Amino acid sequence: MLLLLVLSASASAASAADGKLIHLHFYFHEVDAGTPNATVVNVASLHKNASTFGDLNVFDNALREGADPASRLIGRAQGIGVHASLDESGGLTAIDFAFSDYGEYSGSTLATTGHFTVSAPSERSIVGGTGKLRFARGYLTSRLLSSTDTSIVVVFDMYFTLAHWH
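Under mature numbering (1 follows the signal peptide of the UniProt record, and there is no 0), read the sequence shown as residues -16 to -1, 1 to 150, first letter to last.
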């Protein structure tokens, strides 16, 4: 029985390792709170000593094919961001990337979590998915591309494999 379990586990690991690496590239467009059509809202803030530590934001940002806000809409990034660094250099995010018009991935989602850095590129985990992206595992990189008084654009690159479980 033990040998059967070991062989079964090895076969599952091998099939997951044999999965091809998928790369997705797109842009996240966020409109600041307090502006018309805001896509991010601060839902909790301690405002002690003008610090953002402890602030909680909820967002529903556009995912676009390009950096131009008029480029094709491919989905939404819906999630939360918590300012969890005492030095205010970053925080923690949990984001569900929902693809509405992204080829074979339309109707699928990717779930991500991890630490973001304000002043440098960030790397976070891809912890799962739905639809055509079910059992996704990998990582994403993101970096701020542009910022104005009312909006930001972040470029995302996602690298992951899909495990095929039987």
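By construction, the Cβ of each residue, glycine as well, lies at the ideal position given by its N, Cα and C atoms.
Please read these numbers as outputs of a predicted model, since none were measured by experiment.
Asked, Found
"His67: CB within 7 angstroms of a non-hydrogen atom of the ligand FAD", "As presented, the structure is devoid of all ligands, the ligand FAD included, so that no description of it is given."
"Three-way DSSP call (helix, strand, coil) for Leu5 in this model", "coil"
"Where Thr96 falls, given that 16 or more other Cβ within 10 Å makes a residue buried", "buried"
"Simplified DSSP assignment, three categories, for Glu72", "coil"
"Cβ-based neighbour list, Gly98, same chain, cut-off 6 angstroms, excluding 5 preceding and 5 following", "Arg108 and Ser109"
"Selected residue, minimal CA-CA separation from Phe100, among Lys116, Gly87 and Leu76", "Leu76"
"Residues that DSSP places opposite Leu25 in a beta bridge", "Residue identity check: residue 25 is Val in the sequence provided, not Leu. Paired residue(s): Val42."
"For Tyr143, three-class secondary structure by DSSP", "strand"
"Distance between beta carbons of Asp85 and Leu57, contact taken as under 8 angstroms", "7 angstroms"
"8 angstroms Cβ shell around Ala127 - same chain, five flanking residues per side excluded", "Reading the sequence as shown, one finds Arg at residue 127 and not Ala. Around Arg127: Ala104, Pro105, Ser106, Val138 and Val139."
"Euclidean distance between Cα positions of Val27 and Val42", "7 angstroms"
"Reduced DSSP secondary structure (H/G/I, E/B, other) of Leu57", "strand"
"Within 8 angstroms, strictly: CB atoms of Gly112 and Tyr143", "no"
"Whole-Å CB distance - Asp141 paired with His7, under 8 angstroms assumed", "7 angstroms"
"Glu107 - containing beta strand (DSSP E), residue span", "Ser106 to Thr114"
"First through last residue of the beta strand (DSSP E) which encompasses Gly98", "Thr93 to Thr101"
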